[in-house]
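*Asks:*
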Amino acid sequence: MLKVSIESVESGAVLAKPIMNDEGATLIGAGVEVSGPLKDKLVNMGITEVFIVGRKAPDIPKEEFVAKINAMFTKAEEDPRMAAMKRALLAHIEELY
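Taking the numbering used here, the leading residue of the sequence shown gets -19, the next gets one more, and so forth.
(1) On the criterion of 16 or more Cβ atoms from any shown chain inside 10 Å, does Glu12 qualify as buried, or is it exposed?
(2) Taking the alpha-carbon positions, what's the Ser(-15) to Glu74 distance?
(3) Give the list of continuous beta strand (DSSP E) stretches no shorter than 3 residues that lie fully inside the region 1 to 51.
(4) If you measure between the beta carbons of Val14 and Glu(-10), is that distance less than 9 Å?
(5) Beta-carbon separation of Met(-19) and Arg35 under 9 Å?
(6) For Met52 and Ile27, I'd like the C-alpha separation in whole angstroms.
(7) Tell me whether Ser(-12) sits in a helix, a strand or coil according to DSSP, three-state version.
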């Protein structure tokens, strides 16, 4: 889930949290796909930020991330538990990108 400015929401993004008014009533439910007209309506309503489904990509390039993991585990590669941990981390990095 990401909190983003309404201006940066792309058409097709899905709301992760409902849009509510000041009294707590739901105006637009979670799971609704944001279209161009809906985005315009939200802007006109004064909505400045929304939560959308998704996650932010890491700030560093994948190759740099992998290199850091490899460097961290160079002295521990003979230990099967550490090798398993390294494989798990590298698999997780693949999922992030």
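Note that CB positions come from ideal geometry on N, CA and C, so glycine has one too. Just so we're clear, the structure is a prediction, and the values are computed from it rather than from any experiment.
*Replies:* Taking the geometry as given:
(1) Here residue 12 refers to the residue found at position 32 when the sequence shown is read from its first residue. The sequence given here places Val at residue 12; Glu does not occur at that position. Val12 comes out exposed.
(2) Position 5 of the sequence shown, counted from the start, is the residue given in the question as residue -15. Position 94 of the sequence shown, counted from the start, is the residue given in the question as residue 74. Using only the alpha carbons, I get a separation of about 28 Å.
(3) Restricting attention to beta strand (DSSP E) runs no shorter than 3 residues, the region 1 to 51 encloses them at 6 to 8 and 29 to 32, ordered along the chain.
(4) Here the question's residue 14 lines up with position 34 in the sequence shown. Here the question's residue -10 lines up with position 10 in the sequence shown. Yes, the pair counts as a contact, with Cβ atoms nearer than the cut-off.
(5) Position 1 of the sequence shown, counted from the first residue, corresponds to residue -19. Position 55 of the sequence shown, counted from the first residue, corresponds to residue 35. The answer is yes: Cβ separation under 9 Å.
(6) Against the sequence shown, residue 52 aligns to sequence position 72. Against the sequence shown, residue 27 aligns to sequence position 47. Those two C-alpha atoms are separated by around 44 Å.
(7) For the purposes of this step, residue -12 is taken as the residue at position 8 of the sequence shown. In this structure, Ser(-12) counts as helix in the three-state DSSP scheme.
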